[in-house]
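S.K.: Quick one: the structure is below, questions incoming.
There are 2 protein chains.
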Amino acid sequence: MTTLSPYDNMSPVAQAAYRARSAAADIAPLPRAAKDDALLAIADALEVRTSDIIAANAEDVARAREAGTSESVVDRLTLNPERIRAIAADVRDVAALPDPVGEVVRGSTLPNGIDLRQVRVPLGVVGIIYEARPNVTVDAAALCLKSGNAVLLRGSSSAHASNEALVRVLRDAVGGSGLPADAVQLVPGENRDSVRELMRARGLVDVLIPRGGASLIRTVVEESTVPVIETGTGNCHVYVDAQTDLDMAVAILVNSKAQRPSVCNAAETLLVHKEVAGAFLPLALDALAEAGVTVHGDERVMEYAEGSKATVVAATPEDWETEYLSYDIAAAVVESLDAAVAHIRLWSSGHTEAIVTTSQAAARRFTQLVDSTTVTVNASTRFTDGGQFGFGAEIGISTQKLHARGPMGLPELTSTKYIVTGDGHVR
Amino acid sequence: MTTLSPYDNMSPVAQAAYRARSAAADIAPLPRAAKDDALLAIADALEVRTSDIIAANAEDVARAREAGTSESVVDRLTLNPERIRAIAADVRDVAALPDPVGEVVRGSTLPNGIDLRQVRVPLGVVGIIYEARPNVTVDAAALCLKSGNAVLLRGSSSAHASNEALVRVLRDAVGGSGLPADAVQLVPGENRDSVRELMRARGLVDVLIPRGGASLIRTVVEESTVPVIETGTGNCHVYVDAQTDLDMAVAILVNSKAQRPSVCNAAETLLVHKEVAGAFLPLALDALAEAGVTVHGDERVMEYAEGSKATVVAATPEDWETEYLSYDIAAAVVESLDAAVAHIRLWSSGHTEAIVTTSQAAARRFTQLVDSTTVTVNASTRFTDGGQFGFGAEIGISTQKLHARGPMGLPELTSTKYIVTGDGHVR
Numbered sequence: 001m002t003t004l005s006p007y008d009n010m011s012p013v014a015q016a017a018y019r020a021r022s023a024a025a026d027i028a029p030l031p032r033a034a035k036d037d038a039l040l041a042i043a044d045a046l047e048v049r050t051s052d053i054i055a056a057n058a059e060d061v062a063r064a065r066e067a068g069t070s071e072s073v074v075d076r077l078t079l080n081p082e083r084i085r086a087i088a089a090d091v092r093d094v095a096a097l098p099d100p101v102g103e104v105v106r107g108s109t110l111p112n113g114i115d116l117r118q119v120r121v122p123l124g125v126v127g128i129i130y131e132a133r134p135n136v137t138v139d140a141a142a143l144c145l146k147s148g149n150a151v152l153l154r155g156s157s158s159a160h161a162s163n164e165a166l167v168r169v170l171r172d173a174v175g176g177s178g179l180p181a182d183a184v185q186l187v188p189g190e191n192r193d194s195v196r197e198l199m200r201a202r203g204l205v206d207v208l209i210p211r212g213g214a215s216l217i218r219t220v221v222e223e224s225t226v227p228v229i230e231t232g233t234g235n236c237h238v239y240v241d242a243q244t245d246l247d248m249a250v251a252i253l254v255n256s257k258a259q260r261p262s263v264c265n266a267a268e269t270l271l272v273h274k275e276v277a278g279a280f281l282p283l284a285l286d287a288l289a290e291a292g293v294t295v296h297g298d299e300r301v302m303e304y305a306e307g308s309k310a311t312v313v314a315a316t317p318e319d320w321e322t323e324y325l326s327y328d329i330a331a332a333v334v335e336s337l338d339a340a341v342a343h344i345r346l347w348s349s350g351h352t353e354a355i356v357t358t359s360q361a362a363a364r365r366f367t368q369l370v371d372s373t374t375v376t377v378n379a380s381t382r383f384t385d386g387g388q389f390g391f392g393a394e395i396g397i398s399t400q401k402l403h404a405r406g407p408m409g410l411p412e413l414t415s416t417k418y419i420v421t422g423d424g425h426v427r
Numbered sequence: 001m002t003t004l005s006p007y008d009n010m011s012p013v014a015q016a017a018y019r020a021r022s023a024a025a026d027i028a029p030l031p032r033a034a035k036d037d038a039l040l041a042i043a044d045a046l047e048v049r050t051s052d053i054i055a056a057n058a059e060d061v062a063r064a065r066e067a068g069t070s071e072s073v074v075d076r077l078t079l080n081p082e083r084i085r086a087i088a089a090d091v092r093d094v095a096a097l098p099d100p101v102g103e104v105v106r107g108s109t110l111p112n113g114i115d116l117r118q119v120r121v122p123l124g125v126v127g128i129i130y131e132a133r134p135n136v137t138v139d140a141a142a143l144c145l146k147s148g149n150a151v152l153l154r155g156s157s158s159a160h161a162s163n164e165a166l167v168r169v170l171r172d173a174v175g176g177s178g179l180p181a182d183a184v185q186l187v188p189g190e191n192r193d194s195v196r197e198l199m200r201a202r203g204l205v206d207v208l209i210p211r212g213g214a215s216l217i218r219t220v221v222e223e224s225t226v227p228v229i230e231t232g233t234g235n236c237h238v239y240v241d242a243q244t245d246l247d248m249a250v251a252i253l254v255n256s257k258a259q260r261p262s263v264c265n266a267a268e269t270l271l272v273h274k275e276v277a278g279a280f281l282p283l284a285l286d287a288l289a290e291a292g293v294t295v296h297g298d299e300r301v302m303e304y305a306e307g308s309k310a311t312v313v314a315a316t317p318e319d320w321e322t323e324y325l326s327y328d329i330a331a332a333v334v335e336s337l338d339a340a341v342a343h344i345r346l347w348s349s350g351h352t353e354a355i356v357t358t359s360q361a362a363a364r365r366f367t368q369l370v371d372s373t374t375v376t377v378n379a380s381t382r383f384t385d386g387g388q389f390g391f392g393a394e395i396g397i398s399t400q401k402l403h404a405r406g407p408m409g410l411p412e413l414t415s416t417k418y419i420v421t422g423d424g425h426v427r
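Residue numbers (UniProt numbering), protein chains in the order written: chain U, 1 to 427; chain L, 1 to 427.
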C-alpha cells in the first residue's frame, strides 16, 4: 500500500504554494541569527558553485543569441564570475541589515490595564513575477528570507536554465543551514497557465509583486485575485519654476533624463513655467542635445528649436503619457505652477516628480499638491531608489497607495499583528 | 450652443468617481481646522434636521416590515432622535481626534545631504460597500473626511431612503463649510451593476472597503480590480492551556462567546488541552448553558455532556469553519498547544485567537505561532476593536495582511509620500 501525500491531487503550482505556506510558518518565528546564517550560506554557495551557474547561464545566452535577441538584453541576461561575486556581496549586505520582524510598531497600556503591542510579522508567502535579469532571483529570495517570508519565484523563460541553477544553489544552502528548503521555490511550469494559477492562488499566496515592463504589471494587476503590489512604471516629470537657478535646473534636468534613461526613475517630461521659458529653454535644449536626447516639444517649445543644436520634434498627445525609457523627453511650456500640477495629475504614473525652484512658496505648494510616491525639490528624479534612500536593499518601487508607496525595503515585506495581554480581562 | 461637460458620456458611477477624485485633490492639502469645521457642521446639521432623517428612515422601516424582515434587522435599521444624537456625538469625537495627514513617518538626512521625509497623505477616493445600518453612512464619511479622503458610499437598498436623507445633510454641511460637497457621495443606482462598476473603477477609486456579511466581502474580494481591504469575518478561537486558572478561563470563554455573539470578534470555537479537559469542561459547559449557548462538541467533549446542564450536539467538520454569530460554539479537546495552533492555522479566518494560561512559555509560543490579526493572552477576544484599542474610531477590522491588519483607525485611511529636498543634487 502506498501512502497518498496530501498534495497528490493538486496541480504543481498549488503544491509549490502549499509547501511554501508550510515553510513560511516554520521560518516566521525564527530569530535573526538563523535567517542570517542561511543568507551567508547562500552567499558562500554562490561563489563556490559559480561554474555550475555560469554553465547553465551559457545555455540561456546561447538560446537568446539564436533567437536574435538584442545585445543589450543579452548583456542583462549574462552572468560571469564578477557578477556572481557582486550578487553574493549583495546577499551579505542583506544579512547585515536589521531584521524588521519583531519590531514593536506601536505599544501602550490601555486604560483598563491591558498591554497592547503591534508587532511586525512576515507577510507569509510572497510571489515575485519578473523578467530577464537572473540577479533578481537571488535578490528577491534574500530579501524575502531576511524578512521571514517564503518566496515563489516566477522568472522569464528566457532565463530558465540560469534560474533553475541559482534556485538549486539557494535551496541547498537554505536546507543545509537547517531552514526548510521550500522557503525558496521556482514556480513550476514555463507557460502562461502557471502564471495564471499563481495569480489565482488567493489564500495560499499572500502577495504578488510583478517586476518588469508595463504590460507584465498591467496583466498581473488586472487578473490577479491575490493582492498585488504594483511596481515601477515611471512617467516622471521635471518642472522648472518661474523662479529658478538656471544652471541647477539644467543639471537636474539632464541628470534626471540621461544619467540612466532605461530605469523607472528617469524623467520623461519637462514642464517649464512660461516666465522662464525664454531664459531656460535655449540652455536646456543645448544641454539635452549634448546628452544625445531628442525633445518632443509642444508648440511653444518648438519656437526655441531653431538656432538650437537640439533635435526637436512636434509632440503628440501620446507623448505626454509615454514612458520612453530612452534618450527622448517630452517638453511643454505651462502657464503656472498650478498648470504644471494639473498636467502631472492628468498624465503622470505617480512615480516621481521634481520641481526646480528658488521659491519656498512654490516648493511648498508643489510638494503639497503633487500626489506621487516621491516629490523632489531641487534634486534629480533619479534619487527615488531604495539604495539612495538608505534602505540597504529594494524589492521594487511601489506606485500604488495601499501597503507600500515608493521604494520598498525590508519593512515593506512585513505585516503586523496585535498582541493583547491581560490578566483575566473581559468586557 | 450648449457646452458639453466632460462627464456627459460617462456612466453615473464613473461621473461620481471623477467628481470624487476632483474633490479628493481639493481636500487632500487642507489643514486640520478646515476638516474639523466641516465635521462639526455635519454634527450640528444631523441634530437640526433630525425630523427629515427620521421621516426618510420610516419609509425604509415600513418597507422592511412589509417584506417580513426580522425584528432584529429592523431594529438595526431604525433611527430615532436618541440614536441620531449619538451619531452626531460620534462625529464630534472624530473631529477631536488628531489629524493623521502630514505626520512625518520617517525622516533623515542622507549621507549626501539630501533631506528625506516620508509623510502621511490621504488615500484619495475611498469606496465603502456596506449593509443595513444607516449609522455607517455617517461614521464612514466622517472618518474619510477627517483623513482628507473623498468617499463613495454604497449602502444596501433596504436603507436607501435613510442613506439619501443622511447624505443630503452631510453634503449640505460639507458644502456649507466651504469644502467640496462631492467629497461625500452616494453611489448612484440601486442595482448590482452599479456595485460592479464601482469594483472595476481602478485608477478612479483608490481602495474599496466592504463592511458586512461574509458573502458580500467574498464577492468584492473576488471581483474587484480596485484594491480591497478585506474586513470582518471572524472565526475566533479560545484555547484553554494545560496550565490555566480555571475561573479565569471560564470567564474569558463566556465573555468571548456570549457578551455579544453577533459581532466578528466573538468566539466561535473552544479548544481545550486534554490535560485540563476533565477539570475545565464540566465548569465550562455549565457556564455556557447558563449563558444560553449550545455547544457543538467533538467526541471527547461529548463525554462531558452527560451530567451537564448544557445542550451539547455532535460537531461536524463544518462546525470548525463556521462563524455562527449566534449562541453556538464549536468545541474540541486537543493533544497539545501545538495541536491547538495547527487547528487554528487550518480553520481560523485569522481574526482573533485567545490563550488562557498561567505559563509564560505557553503564552510566548502561542503568540509567536498564531498568525492572526490579534492574539490575546488572558483577555477576551472581544477586545479586538478600534474603540477598545484607543483609536477613537474604527472604519472596520482588516483580516488581510497588506496595508492594514486588525482594527483600522484614521492612520489606516492614509498612504504616504516621500519628499526629497536637495540643493541641486544629481547622481
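No residue lacks a Cβ here, since even glycine has one placed at the ideal position from N, Cα and C. Model, not experiment: these values are computed from the prediction.
(1) Going along chain U, which residues have a C-beta under 7 Å from Glu222(L)?
(2) What are the boundary residues of the alpha helix (DSSP H) that Asn163(L) is part of?
(3) Output yes if chain U places a C-beta closer than 8 Å to the C-beta of Gln400(L); else output no.
(4) Using a Cβ cut-off of 8 Å (strictly closer), state whether Met199(U) contacts chain L.
(5) Spell out the partners DSSP gives His296(L) in its beta bridges.
(6) For the stretch 265-279 of chain U against the stretch 236-243 of chain U, do three or more pairs of beta-carbon atoms, one drawn from each stretch, fall closer than 8 Å, so that the two count as touching?
(7) If Leu270(L) sits next to Ala331(L), beta carbons under 8 Å apart, how far is it from one beta carbon to the other, in whole angstroms?
(8) Got a sec: which bits of the stretch 26-51 of chain U sit with their beta carbon under 8 Å from any beta carbon on chain L, in order along the chain?
(9) Whose Cβ in chain U lies nearer than 7 Å to the Cβ of Met248(L)?
(10) Rank Asp319(U), Met302(U), Asn255(U), Asn265(U) by C-alpha distance to the C-alpha of Gly292(U) and give the top, closest one.
(11) Can you say whether Met248(U) is buried or exposed, counting buried as having 16 or more other CB atoms within 10 angstroms of its CB?
(12) Taking just the CA atoms, how far does Leu77(L) sit from Met302(L)?
(13) Let me know the alpha helix (DSSP H) ranges lying completely inside the stretch 225-308 of chain U, each 4 residues or longer, listed in chain order.
(14) Report the rounded CA-to-CA distance for Thr358(U) versus Asp193(L), giving the unit in angstroms.
(15) Indicate the three-state DSSP secondary structure (helix, strand or coil) for Met1(U) in the structure shown.
(16) Would you say His403(U) faces chain L, with C-beta separation under 8 Å as the test?
(17) Checking 8 Å against the spacing of the C-beta atoms, do Val151(U) and Ala183(U) come in under that value?
(18) Could you work out which residue in Ala43(L), Gly307(L), Val295(L) is closest to Asp319(L) when comparing CA atoms only?
(19) Any beta carbon of chain U sitting closer than 8 Å to that of Leu97(L)?
(20) Would a check of beta-carbon distances place Ile395(U) closer than 8 Å to chain L?
(21) Give the straight-line distance between the Cα atoms of Ala251(U) and Val356(U), rounded to the nearest whole angstrom.
(22) Less than 8 Å between the beta carbons of Val370(L) and Val341(L), yes or no?
(23) Going along chain U in order, which residues have a C-beta closer than 7 Å to the C-beta of residue 429(L)?
(24) Does Thr373(U) get closer than 8 Å to chain L when you measure Cβ to Cβ?
(25) Considering only residues of the stretch 114-151 of chain L, which uninterrupted beta strand (DSSP E) runs meet the minimum length of 3 residues and lie entirely inside it, listed in chain order?
(26) Taking just the CA atoms, how far does His343(L) sit from Glu335(L)?
(27) Kindly list the residues whose CB is nearer than 7 Å to the CB of Leu116(U), restricted to its own chain and excluding five residues on each side of it in sequence; keep chain order.
(28) Excluding five sequence neighbours on each side, which residues of the same chain lie with their C-beta closer than 6 Å to the C-beta of Ala305(U)?
(29) Would you tell me roughly how many angstroms separate the C-alpha atoms of Pro12(U) and Val187(U), rounded to the nearest one?
(30) Counting only beta-carbon separations shorter than 8 Å, does Lys309(U) have a partner in chain L?
(31) Please return the same chain residues whose Cβ sits closer than 6 Å to the Cβ of Ile42(L), not counting the five positions on each side in sequence.
(32) Check the Cβ of Thr206(U) against every Cβ in chain L and list those closer than 8 Å, keeping chain order.
(33) Just the C-alpha distance for Ala165(U) and Thr137(U), rounded to the nearest angstrom, thanks.
(34) Whole angstroms is fine: what's the gap from Arg211(L)'s alpha carbon to Glu353(L)'s?
(35) Examine the ligand SAH and report whether any of its heavy atoms sits within less than 7 Å of the Cβ of Glu323(U).
(36) Return the Cβ separation of Val195(U) and Ile129(U) in integer angstroms, given the expectation that the two are a contact with Cβ distance under 8 Å.
M.R.: According to the structure data:
(1) For the purposes of this step, residue 222(L) is identified with residue 222 of the second sequence, where counting begins at 1. The contacting residues are Thr225.
(2) What you label residue 163(L) is simply residue 163 of the second sequence in a count that begins at 1. Note, Asn163(L): alpha helix (DSSP H), 160-176.
(3) Stepping through the second sequence from its first residue, residue 400(L) is reached at position 400. For Gln400(L), the answer is yes, since a Cβ of chain U falls inside 8 Å of its Cβ.
(4) Mapped onto the first sequence, residue 199(U) falls at position 199. No, its Cβ sits nowhere closer than 8 Å to a Cβ of chain L.
(5) In the second sequence, counting from the first residue as 1, residue 296(L) sits at position 296. Beta-bridge pairing links His296(L) to Val313(L), Ala330(L).
(6) yes
(7) Within the second sequence, the letter at position 270 stands for residue 270(L). Within the second sequence, the letter at position 331 stands for residue 331(L). Their Cβ separation, rounded to whole angstroms, is 4 Å, which keeps Leu270(L) and Ala331(L) in contact under 8 Å.
(8) Ala28, Pro29
(9) Taking the second sequence and counting its residues from 1, the one referred to as residue 248(L) is at position 248. Simply Gly424.
(10) Residue 292(U) sits at position 292 when you count from the first residue of the first sequence. Comparing Cα-Cα distances from Gly292(U) to each of Asp319(U), Met302(U), Asn255(U), Asn265(U), the minimum goes to Asn255(U).
(11) On the first sequence, residue 248(U) is found 248 positions in, with the first residue counted as 1. Met248(U) is buried by the Cβ-count criterion.
(12) Indexing the second sequence from 1 puts residue 302(L) at position 302. Indexing the second sequence from 1 puts residue 77(L) at position 77. Going by the C-alpha atoms only, they are around 40 Å apart.
(13) 246-258, 274-290, 299-302
(14) Walking along the first sequence from the start, residue 358(U) turns up at place 358. Walking along the second sequence from the start, residue 193(L) turns up at place 193. Approximately 51 Å between the Cα atoms of the pair.
(15) Mapped onto the first sequence, residue 1(U) falls at position 1. Because the pLDDT at Met1(U) is just 40, under 50, the model does not fix this residue reliably, and the point stays unresolved.
(16) What you label residue 403(U) is simply residue 403 of the first sequence in a count that begins at 1. So yes, His403(U) belongs to the interface.
(17) For this step, residue 151(U) is matched to residue 151 along the first sequence. For this step, residue 183(U) is matched to residue 183 along the first sequence. Against a cut-off of 8 Å, the Cβ pair of Ala183(U) and Val151(U) comes out as a contact.
(18) Mapped onto the second sequence, residue 319(L) falls at position 319. Of Ala43(L), Gly307(L), Val295(L), the residue nearest in Cα terms is Val295(L).
(19) Position 97 of the second sequence, counted from the first residue, corresponds to residue 97(L). It does not; no Cβ of chain U falls within 8 Å.
(20) Residue mapping note: residue 395(U) aligns to position 395 of the first sequence, counting from 1. Answer no: the Cβ-Cβ gap between Ile395(U) and chain L never drops below 8 Å.
(21) As a working note, residue 251(U) is residue 251 in the first sequence. As a working note, residue 356(U) is residue 356 in the first sequence. Rounded to whole angstroms, Ala251(U) to Val356(U) spans 10 Å at the Cα level.
(22) On the second sequence, residue 370(L) is found 370 positions in, with the first residue counted as 1. On the second sequence, residue 341(L) is found 341 positions in, with the first residue counted as 1. Cβ distance < 8 Å, so Val370(L) and Val341(L) count as in contact.
(23) Outside the shown range of chain L, which is 1 to 427, sits residue 429(L), and nothing can be said about it.
(24) For the purposes of this step, residue 373(U) is identified with residue 373 of the first sequence, where counting begins at 1. Chain L, which has a Cβ nearer than 8 Å to the Cβ of Thr373(U), makes this yes.
(25) 115-122, 125-130
(26) Numbered from 1 along the second sequence, position 335 holds the residue referred to as residue 335(L). Numbered from 1 along the second sequence, position 343 holds the residue referred to as residue 343(L). Cα to Cα, the separation comes out at about 11 Å.
(27) Walking along the first sequence from the start, residue 116(U) turns up at place 116. So the list reads Gly107, Ser108, Leu110, Tyr418, Val420, once near-sequence residues are dropped.
(28) To locate residue 305(U), count along the first sequence from 1; it is residue 305. So the qualifying residues of the chain are Val312.
(29) As a position in the first sequence, residue 12(U) is number 12, starting the count at 1. As a position in the first sequence, residue 187(U) is number 187, starting the count at 1. When rounded, the distance between both Cα atoms is 8 Å.
(30) One-based indexing of the first sequence puts residue 309(U) at position 309. It does not: the Cβ of Lys309(U) has no partner Cβ on chain L nearer than 8 Å.
(31) Sequence index remark: in the second sequence, residue 42(L) carries index 42 (1-based). Val91, Leu170, Ala173, listed in sequence order.
(32) In the first sequence, counting from the first residue as 1, residue 206(U) sits at position 206. It is Asp, not Thr, that sits at residue 206(U) in the sequence shown. Residues of chain L passing the Cβ test: Lys401, Leu402.
(33) What you label residue 165(U) is simply residue 165 of the first sequence in a count that begins at 1. What you label residue 137(U) is simply residue 137 of the first sequence in a count that begins at 1. Distance between the alpha carbons of Ala165(U) and Thr137(U): 10 Å.
(34) Residue 211(L) sits at position 211 when you count from the first residue of the second sequence. Residue 353(L) sits at position 353 when you count from the first residue of the second sequence. C-alpha separation (whole angstroms): 21 Å.
(35) This structure lacks the ligand SAH; in fact it carries no ligand of any kind.
(36) Along the first sequence, one-based indexing puts residue 195(U) at 195. Along the first sequence, one-based indexing puts residue 129(U) at 129. Confirmed, about 6 Å.
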